[in-house]
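Using UniProt numbering, you'd call the opening residue of the sequence shown number 1 and step up by one each time.
Every residue, glycine too, gets a C-beta built ideally from N, C-alpha and C.
Have a look at the structure below before the remarks.
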Amino acid sequence: MTAILAKLSTSDGGGRPYLLLPPAGGTVRAFGPLAGTAGADVWGVEYPGHGDQLAEPPASSIEELATLLAGATSKDWFSRAVTIGFGMGAFVALEMAQRLGVSPGALIVVDACAPQRRSPDKNAKAGASAMGRVFGRTGLTPVAGYRDSPESWEYALDLLLGDLQLVNAYRGPARTRLACPLAAMRGTDDPASASGDDATGGWRVWTSGPFVGRVVPGGYLGVLESGREIEFWGRIHRLEAAFLDVQPDVA
1 MTAILAKLST
11 SDGGGRPYLL
21 LPPAGGTVRA
31 FGPLAGTAGA
41 DVWGVEYPGH
51 GDQLAEPPAS
61 SIEELATLLA
71 GATSKDWFSR
81 AVTIGFGMGA
91 FVALEMAQRL
101 GVSPGALIVV
111 DACAPQRRSP
121 DKNAKAGASA
131 MGRVFGRTGL
141 TPVAGYRDSP
151 ESWEYALDLL
161 LGDLQLVNAY
171 RGPARTRLAC
181 PLAAMRGTDD
191 PASASGDDAT
201 GGWRVWTSGP
211 FVGRVVPGGY
221 LGVLESGREI
231 EFWGRIHRLE
241 AAFLDVQPDV
251 A
């Protein structure tokens, strides 16, 4: 079983690389337009059993995913990378840091509830049709681009439901908090998130470094809707600038 890190874009700017971790049901393919507008080195993760790794058996847990990725990532590179975890990808990023023994250059989590405030069994009994309605609305959803083909739709929902089993089984939280800047972003209309500061501020305890929380317009992963790529990177760069104005906690 393998997970791969795929380089999606290259820049001559020499800045920090970005590492994108997909949400439940997501694949590297969906990051293509986003990476093309970054103006930076962007890497994406293809989970086993997904996309180009479809022939590989899927991981049995979030922890196993993180172990696979940690084995394919150098500590030095990870410590420089701005890691962006979307939904499930936020938990994978936390667990990667545990296994590598280093924090990323910065961690940005998008539409992911803080580990200690999750309801692991919330979607455990939901069927494919229910999940398709919830997660097929906006943004970088696992069903985006598959609606015109029944076979592709079924494939996308199978990926989603398989990953949601991992999310529901993930008991976290990670044992050791990070030492890097951390930002939490969520959409105002995300049906999977709690409201207000509960959905973003809960991440504050997971770093001794600077923390920034942001609530932005849109639904679940709405920041990644087609045509909003430039807007997305603008938000990321503003978060990076905000880190410079926030004092870290005293460990």
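Query                                                                                                                                                                   : Result
Mapping DSSP to helix, strand and coil, what is Y155?                                                                                                                   : helix
Rank A184, M88 and V82 by C-alpha distance to the C-alpha of A169 and give the top, closest one.                                                                        : M88
Could you round the C-beta distance between V216 and R235 to whole angstroms and report it? I think they count as a contact, below 8 Å.                                 : 7 Å
Does DSSP put A106 in a helix, a strand or coil?                                                                                                                        : strand
Is the beta carbon of E63 within less than 6 Å of some heavy atom of the ligand ZN?                                                                                     : Absent from the structure shown: the ligand ZN. Ligands present: none.
Between A179 and S208, which are expected to be in contact by the criterion C-beta below 8 Å, what is the C-beta distance as a whole number of angstroms?               : 5 Å
Could you have a look at E46 and say whether DSSP puts it in helix, strand or coil?                                                                                     : strand
What would DSSP say about T67, mapped onto helix, strand or coil?                                                                                                       : helix
Does DSSP put residue 255 in a helix, in a strand, or in coil?                                                                                                          : The structure shown does not extend to residue 255, since the chain is modelled only from 1 through 251, so no value can be given for it.
For S79, does the three-state DSSP call read helix, strand or coil?                                                                                                     : helix
Taking only three categories from DSSP, how would you classify G25?                                                                                                     : coil
Which residue wins for smallest C-alpha separation from I4, given the options I108, F211, V109 and A66?                                                                 : A66
Drop a sphere of 10 angstroms on the beta-carbon of S9, count the other beta-carbons inside from all chains shown, and report buried for 16 or more, exposed for fewer. : buried
Sorted by chain position, which residues of the same chain lie with C-beta nearer than 6 Å to Q116's C-beta, five sequence neighbours on each side aside?               : P173
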